[in-house]
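**Q** Under my numbering, think of the first position of the sequence shown as 135, with each following residue one higher.
No residue lacks a Cβ here, since even glycine has one placed at the ideal position from N, Cα and C.
Just passing along the structure, written as structure tokens.
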Amino acid sequence: MATESNMQSLFQWLKNPSSILSLIATILSITTFIFVYVDKGKIEILLPHNLGIGITSNTKNFDILVSAAYSNTGAPRTRHHIQHITASIKSLGKTTPLDGEYKWTYEQRFVGADEYLSKHKERKDEGLRDYLDYVSRAVPFTLKGGESTAKTIELEGAKGTDLLLPSRLQLKLTVHANTGSYVASAIYVCPAVPPKLKEITYCERQEKSD
């Protein structure tokens, strides 16, 4: 009898329009709270179409140039503090000296030729559309919820003299944040001609086949 009475009371309560509105408001409040405060999300990494590979002229270390985008998928009030970024290169086939671990050392940016040559008057015009320009050493940064940013970073590996490029390689990029580590990987196809010491050679991302 008590259960039947409770069901009747609930039915009567639901028949009241104000009760329905109150229930909807409660559901919306809970959903909003989760969306704004609770959902921590993750860091999504969009790897570039072209991966730059070379040898740093002053340290003689192998280095890679990665222009990637980073997004925080969490609620607006969440924060992901990116502390460091590392990468690994693995040749697909015969192992090469390029294989190994890489650490983020510098941030760079691409600037138009006019801007670059105006800023660096001592540099010779090589007829390029744009040039790499130094920004800073590796510095932690923060992503707010729903926010994205793109960075061109240089990561250095072991010392080397001959840059023997594999025909295909796998790049694995790891973002180390206060909320954990986030990984993205892709396969790149490299040209057969080895680069000169101060030049950057670009490997092209191999898109997944259906």
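Compute the Euclidean distance between the alpha carbons of Glu288 and Ser205, then round it to the nearest angstrom.
**A** The straight-line gap from Cα to Cα measures roughly 19 Å.
**Q** Who are Ala311's beta bridge partners in DSSP?
**A** In DSSP, Ala311 forms a bridge with Ile216 and Gly314.
**Q** First and last residue of the alpha helix (DSSP H) that includes Asp248?
**A** Segment Ala247 to Lys253, the alpha helix (DSSP H) holding Asp248.
**Q** Taking C-beta to C-beta, are Leu297 and Ile219 nearer than 8 Å?
**A** Contact flag unset, no.
**Q** Measuring alpha carbon to alpha carbon, tell me which of Gln340, Ala311, Ala202 and Lys228 ends up nearest Lys278.
**A** The residue with the shortest Cα to Cα distance from Lys278 is Ala311.
**Q** Just how far apart, CA to CA, sit Asp344 and Lys194?
**A** Residue placement at Asp344 is flagged as unreliable, the pLDDT there being 42, under the threshold of 50; a coordinate-derived value is accordingly withheld.
**Q** Could you please give the first and the last residue of the uninterrupted beta strand (DSSP E) stretch that includes Gly175?
**A** Neither: Gly175 is in no beta strand (DSSP E) and is coded neither H nor E.
**Q** With distances taken from CA atoms, which of Leu185, Ile177 and Thr276 is nearest Ile334?
**A** Minimum Cα distance to Ile334 is reached at Leu185.
**Q** If you check the beta carbons only, do Gln217 and Pro274 fall under 8 Å apart?
**A** In contact: Gln217 and Pro274 (Cβ atoms closer than 8 Å).
**Q** For the beta strand (DSSP E) containing Arg271, list its first residue and its last residue.
**A** Asp264 to Arg271 is the extent of the beta strand (DSSP E) around Arg271.
**Q** Residue range of the beta strand (DSSP E) that Ile198 falls in?
**A** Looking at the DSSP string, the run of the beta strand (DSSP E) that includes Ile198 is Asn195 to Asn206.
**Q** Give the secondary structure of Thr289 by DSSP, where H, G and I count as helix, E and B as strand, and everything else as coil.
**A** Per the sequence shown, the amino acid found at residue 289 is Leu instead of Thr. Note: Leu289 maps to strand in three-state DSSP.
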